[in-house]
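Enquirer:
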Amino acid sequence: HAPGALSYESPFPPDFVFGVAAASAQIEGAAFEDGKGESVWDRFSRIPGKVHEGHTPDVACDHYHRFDEDFALMASLGFKTYRLSIAWPRIYPNGDGALNQKGLDFYHRLFASMKKHGIEPWVTLFHWDLPQSLEDRGGWTSRVTVDAFARYADTVVKAFAGQVKHWITLNEILCFTLLGYGTGGKAPGRKESDKVVNQTYHHALLCHGHGVRAVRKFGGAGAVVGLTDNCAVSVPVTETPADIAAARAWFVDRNAQVLGAIHAGKYTANFLARVGADAPDVQPGDFALISLPTDFLGLNIYSGTYVRAGKNGAAYEALPHPVNYPRADSPWLRLVPQSLYWGTRFSHEVYGHQALYITENGCGYDEEPVVNGEVLDLHRRDYLRSHLREAHRAIAAGVPLKGYFLWSFIDNYEWEDGYQRRFGIVHCDFKTQVRTPKLSARYYSDVIRTRRIL
Ligand code: GBH
Numbered sequence: 007h008a009p010g011a012l013s014y015e016s017p018f019p020p021d022f023v024f025g026v027a028a029a030s031a032q033i034e035g036a037a038f039e040d041g042k043g044e045s046v047w048d049r050f051s052r053i054p055g056k057v058h059e060g061h062t063p064d065v066a067c068d069h070y071h072r073f074d075e076d077f078a079l080m081a082s083l084g085f086k087t088y089r090l091s092i093a094w095p096r097i098y099p100n101g102d103g104a105l106n107q108k109g110l111d112f113y114h115r116l117f118a119s120m121k122k123h124g125i126e127p128w129v130t131l132f133h134w135d136l137p138q139s140l141e142d143r144g145g146w147t148s149r150v151t152v153d154a155f156a157r158y159a160d161t162v163v164k165a166f167a168g169q170v171k172h173w174i175t176l177n178e179i180l181c182f183t184l185l186g187y188g189t190g191g192k193a194p195g196r197k198e199s200d201k202v203v204n205q206t207y208h209h210a211l212l213c214h215g216h217g218v219r220a221v222r223k224f225g226g227a228g229a230v231v232g233l234t235d236n237c238a239v240s241v242p243v244t245e246t247p248a249d250i251a252a253a254r255a256w257f258v259d260r261n262a263q264v265l266g267a268i269h270a271g272k273y274t275a276n277f278l279a280r281v282g283a284d285a286p287d288v289q290p291g292d293f294a295l296i297s298l299p300t301d302f303l304g305l306n307i308y309s310g311t312y313v314r315a316g317k318n319g320a321a322y323e324a325l326p327h328p329v330n331y332p333r334a335d336s337p338w339l340r341l342v343p344q345s346l347y348w349g350t351r352f353s354h355e356v357y358g359h360q361a362l363y364i365t366e367n368g369c370g371y372d373e374e375p376v377v378n379g380e381v382l383d384l385h386r387r388d389y390l391r392s393h394l395r396e397a398h399r400a401i402a403a404g405v406p407l408k409g410y411f412l413w414s415f416i417d418n419y420e421w422e423d424g425y426q427r428r429f430g431i432v433h434c435d436f437k438t439q440v441r442t443p444k445l446s447a448r449y450y451s452d453v454i455r456t457r458r459i460l
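Each residue of the sequence shown is one higher than the last, beginning at 7 in mature numbering (1 follows the signal peptide of the UniProt record, and there is no 0).
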């Protein structure tokens with residue numbers, strides 16, 4: 007369709023993918039069952055003070071034992087695409103070394119159940135549950151992890167090529183590196199120097215490359231692969247040429263170390279100038295792997311930063327959110343729906359991506375009272391609606407946005423916030439494991455059925 011052909015009233019394009027998302031460590035539970043090895047989150051969550059009230063991923067939504075009923079529920083709501091991740095420590099309990107056949111068997115059963123319910127899998131190879139054994143040998147600071155990931159990726163893609171056609175290499179490189187090894191708020195909770203942190207994401211970029219290589223080699227006909235990035239998103243304060251140019255310049259700077267490096271096939275000059283002596287060590291051949299062509303880019307966008315034209319020759323001015331600016335219960339989750347429009351538009355314009363997916367978008371709240379047996383999460387319905395409108399607007403403007411995955415299908419283990427923070431459109435009672443669709447699940451179901459923003 008031509009740019010401008012869609013109005014808010016017109017339906018999403020017929021091939022637009024509507025999905026829901028979750029991740030292994032956040033929903034599966036069964037943390038020590040059928041030979042699964044310990045992950046860094048199994049370990050980190052047991053360190054006093056690291057996770058809200060010491061919550062662990064041990065049981066989570068018990069999806070490991072309840073996936074069939076979960077897929078029945080998804081199907082009944084009309085959700086036909088599901089983004090999940092594979093738990094590396096189920097497949098290789100020590101990260102490398104011996105293979106755990108029971109781990110592969112579990113996902114074979116899971117994909118068979120999805121097929122039975124008519125749900126298409128989008129599979130992330132790594133969503134933060136690094137085998138603890140690899141962490142004990144340096145984790146993301148070490149190339150041992152890169153070699154182990156290459157082997158893990160080969161094994162998994164080979165095993166599931168018949169059942170999976172959509173692959174995502176890694177989820178949010180800057181989160182599990184910077185927050186895991188820099189600030190220490192996420193597992194493994196280390197506080198290393200900038201030099202070491204920069205090295206961790208270089209290793210993560212190499213794993214992304216290995217993931218692409220594995221899918222090309224073993225994925226079979228029709229397999230596609232991409233990265234999911236939590237790009238930093240700028241929103242121009244006014245939609246004028248000056249503020250838009252400023253927001254674009256901020257976007258280029260802030261995404262230099264992942265999207266910029268992959269796109270350029272090297273670390274860019276402005277990035278190297280910024281990090282100076284802390285630049286990562288790069289070996290010959292690294293960037294040939296890192297910059298292998300992909301089929302799409304996945305973006306996790308929850309929020310955005312307002313940017314306007316700079317004063318006195320500065321390229322831009324990024325504005326802090328005032329304390330009273332609306333947000334979800336996560337302090338970082340400021341409500342900026344236009345982030346979906348500008349995030350996808352800048353990714354397309356700056357890097358030339360021809361297929362973009364929002365692989366996560368959603369909001370988390372601590373208290374969601376039940377009224378007459380239903381969670382009336384009108385706040386989430388409004389979040390969903392306002393963000394879908396901006397996705398729709400991007401498509402109308404000619405941005406190649408091909409799909410949208412809502413985070414999350416069900417309330418789950420929200421990392422350091424434990425079970426306190428609920429992102430689901432389906433409520434999970436963590437005592438009884440009863441699932442109850444919230445108002446937002448009904449709303450999303452209607453949107454998907456009609457392909458319109460209702
Ligand atoms: C996603 O990341 C994750 O992929 C998913 O697993 C998670 O459940 C979901 O979000 C909801 O949190 O501590 O101030 O530095 C979200 C993007 C970007 C959120 C970095 C946390 C750190 C803010 N993340 N952000 S701060």
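Glycine is no exception: its CB is placed at the ideal position from the N, C-alpha and C atoms.
Would you be able to state if there are at least three C-beta pairs under 8 Å between the stretch 246-262 and the stretch 320-332?
Expert: They touch, by the three-pair rule.
Enquirer: Quick one: give me the first and last residue of the beta strand (DSSP E) that Val432 is part of.
Expert: Val432 to Cys434 is the span of the beta strand (DSSP E), which, as asked, contains Val432.
Enquirer: Can you give me the C-alpha to C-alpha distance between Tyr312 and Phe38, rounded to a whole angstrom?
Expert: If you take the alpha carbons of Tyr312 and Phe38, they lie about 44 Å apart.
Enquirer: Assign His7 to buried or exposed, taking buried as 16 or more other Cβ atoms, counted over all protein chains shown, within 10 Å of its Cβ.
Expert: Its pLDDT being 45, under 50, His7 is placed unreliably by the model, and the measurement read from it follows with that caveat. Flag for His7 reads exposed.
Enquirer: Specify, as a first and last residue, the run of the alpha helix (DSSP H) that Tyr273 falls within.
Expert: Segment: none, Tyr273 is in no alpha helix (DSSP H) and carries neither H nor E.
Enquirer: Suppose you measure from the CA of Asp160 to the CA of Glu198; what does that come to, to the nearest Å?
Expert: So the two alpha carbons sit approximately 30 Å from each other.
Enquirer: Between the C-alpha atoms of Ser45 and Leu136, what's the straight-line distance to the nearest angstrom?
Expert: If you take the alpha carbons of Ser45 and Leu136, they lie about 5 Å apart.
Enquirer: Can you tell me which of Thr130, Ala118 and Cys213 puts its alpha carbon nearest to the alpha carbon of Gly168?
Expert: Cα-wise, what sits closest to Gly168 is Ala118.
Enquirer: When every heavy atom of the ligand GBH is checked, does at least one fall within less than 7 Å of the C-beta of Gln263?
Expert: Not so, every heavy atom of the ligand GBH lies at least 7 Å from the Cβ.
Enquirer: Expressed to the nearest angstrom, what Euclidean distance is found between the alpha-carbon atoms of residue 475 and Glu34?
Expert: Residue numbering for the chain in the displayed model covers 7 to 460; residue 475 lies beyond these limits and cannot be assessed.
Enquirer: For Asp153, which option in Phe302, Pro328, Leu212 and Leu110 has the closest C-alpha, if you only look at C-alpha atoms?
Expert: Per the Cα distances, Leu212.
Enquirer: Would you kindly work out how many angstroms separate the C-alpha atoms of Arg448 and Gly316, rounded to a whole number?
Expert: Each residue's Cα considered, the two are about 44 Å apart.
Enquirer: State buried or exposed for Asp102, treating a residue as buried only when at least 16 other CB atoms are found within 10 Å of its CB.
Expert: Asp102 should be labelled buried.
Enquirer: Would you grab the beta carbon distance between Gly368 and Tyr308 for me? Rounded to a whole angstrom, and I think it's under 8 Å.
Expert: Gly368 to Tyr308, Cβ: 7 Å. Contact.
Enquirer: Would the C-beta of Leu136 count as close to the ligand GBH, meaning under 7 Å from any of its heavy atoms?
Expert: No; taking the cut-off as 7 Å, the Cβ of Leu136 has no heavy atom of the ligand GBH nearer than that.
Enquirer: Buried or exposed: which applies to Asp21, given that a residue is buried once 16 or more other Cβ atoms fall within 10 Å of its Cβ?
Expert: Result: exposed.
Enquirer: Jot down the residue ranges of each uninterrupted beta strand (DSSP E) in the stretch 405-451, minimum 3 residues, whole runs only, in chain order.
Expert: With a minimum length of 3 residues, the continuous beta strand (DSSP E) runs that stay inside the stretch 405-451 are 407-413, 432-434 and 441-443.
Enquirer: With 16 other CB atoms within 10 Å as the buried threshold, where does Arg52 fall?
Expert: Classification of Arg52: exposed, given that the 10 Å Cβ count is below 16.
Enquirer: Could you tell me the alpha carbon to alpha carbon distance between Leu131 and Ile92, rounded to whole angstroms?
Expert: Taking the straight line joining both Cα atoms gives about 6 Å.
Enquirer: Let me know the secondary structure DSSP gives Glu178 once reduced to three states.
Expert: In the structure shown, Glu178 sits in coil (DSSP, three-state: anything other than H, G, I, E or B).
Enquirer: In whole angstroms, what separates the C-alpha of residue 5 from that of Gly225?
Expert: Residue coverage of the chain in this structure runs from 7 to 460, which leaves residue 5 outside it and unanswerable.
Enquirer: Given a threshold of 16 other Cβ atoms within 10 Å of its Cβ, counted over all protein chains shown, does Val440 qualify as buried or as exposed?
Expert: Classification of Val440: exposed, given that the 10 Å Cβ count is below 16.
Enquirer: Would you mind reading off the limits of the alpha helix (DSSP H) that contains Ser297?
Expert: Premise fails: Ser297 is in no alpha helix (DSSP H) and is neither H nor E.
Enquirer: Can you look up His133 in the DSSP assignment and give me helix, strand or coil?
Expert: Three-state result, His133: coil.
Enquirer: How would you label Asn276, buried or exposed, when you count the other beta carbons within 10 angstroms and need 16 or more for buried?
Expert: That one is exposed.
Enquirer: I'd like to check one pair, Thr175 with Val218: are the Cβ atoms closer than 8 Å?
Expert: The answer is yes: Cβ separation under 8 Å.
Enquirer: For Tyr419, which residues in the same chain have their Cβ closer than 6 Å to its Cβ, ignoring the five residues on either side in sequence?
Expert: Counting only Cβ-Cβ distances below 6 Å, and skipping sequence neighbours, we find Gln32, Pro63 and Ala66.
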